[in-house]
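Trainee: Input: one structure, supplied below.
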Amino acid sequence: MNASLAVSDQTISLQDSLRHPILLFMPTVELTKYRQERKKVPLSILVGRILAWFCTVLYMTSRLPQIWANYKRKSVHGLSWLLFLLAFLANLLYSISILSNPKAVGPTSRKFLSESLPFLIGSGGTLVFDLVILVQYWMWHDRSTRNDSHGSA
């Protein structure tokens with residue numbers, strides 16, 4: 001099979017595309033240029049990126065145990081709704097600050113946003129989980145206070 005695709009003055013063989021299906025969906029990628037840039041990444045930047053993505057995974061999953069515990073108990077007893085409200089607002093403002101940065105628009109936007117992606121996903125994604133916890137609080141906080149008043153008679 002010797003067929004090929006022309007992509008941005010580059011040629012990608014279909015055999016390569018079959019090995020890397022994402023190549024079919026990225027028609028503007030200049031692979032040679034990307035490979036050259038990739039080799040120039042200093043170790044400190046690489047370590048920083050790895051740590052940023054690891055932090056994103058930890059941050060995104062940090063709310064799951066609380067959400068699950070609330071769901072199993074159908075209660076938010078002992079939960080500080082103010083903590084999650086403030087965390088929600090902080091993550092919202094942090095996401096907005098990244099997106100409103102002047103580097104997020106114009107010719108440098110692709111590089112800036114790709115380097116900011118783990119932080120955007122971490123703070124923006126956690127917004128969803130904080131919102132879930134706040135909804136759980138709204139649904140079950142009366143139940144928690146009623147159980148406390150009946151149990152301490």
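Using the working numbering, you'd call the opening residue of the sequence shown number 1 and step up by one each time. Think of the CB as a built atom: it goes at the ideal place given N, C-alpha and C, for glycine as much as any other residue.
1. Considering asparagine 91, what are the terminal residues of the alpha helix (DSSP H) in which it resides?
2. Go ahead and pull the three-state DSSP assignment for lysine 40.
3. Measuring alpha carbon to alpha carbon, tell me which residue in Ile67, Pro42 and Ala52 is nearest tryptophan 140.
4. Does the Cβ of leucine 43 lie closer than 7 Å to at least one heavy atom of the ligand COA?
5. Exposed or buried, arginine 63, counting other C-beta atoms within 10 Å across all chains shown (16 or more means buried)?
6. For the alpha helix (DSSP H) containing proline 65, list its first residue and its last residue.
7. Quick check on the burial criterion: 16 or more other C-beta atoms within 10 angstroms. Buried or exposed for aspartate 9?
8. Suppose you measure from the CA of glycine 125 to the CA of serine 80; what does that come to, to the nearest Å?
9. In whole angstroms, what is the alpha-carbon distance linking serine 114 and serine 44?
10. Do you know offhand how far proline 102's Cα is from valine 47's?
Mentor: According to the data block:
1. Looking at the DSSP string, the run of the alpha helix (DSSP H) that includes asparagine 91 is 81 to 99.
2. Residue state, collapsed to three classes: coil.
3. Of all alpha-carbon atoms in Ile67, Pro42 and Ala52, the one lying nearest the alpha-carbon of tryptophan 140 is that of Ile67.
4. In the structure on display, the ligand COA does not appear, and there are no ligands present to speak of.
5. When all chains shown are included, arginine 63 counts as buried.
6. Membership of proline 65 in the alpha helix (DSSP H) is indicated by the continuous run 64 to 73.
7. Low per-residue confidence applies at aspartate 9: pLDDT is 48, beneath 50, and the placement is therefore not dependable, though the value from the model is reported in the following sentence. Classification of aspartate 9: exposed, given that the 10 Å Cβ count is below 16.
8. Taking the straight line from one Cα to the other gives about 20 Å.
9. Cα to Cα, serine 114 sits roughly 17 Å from serine 44.
10. If you take the alpha carbons of proline 102 and valine 47, they lie about 26 Å apart.
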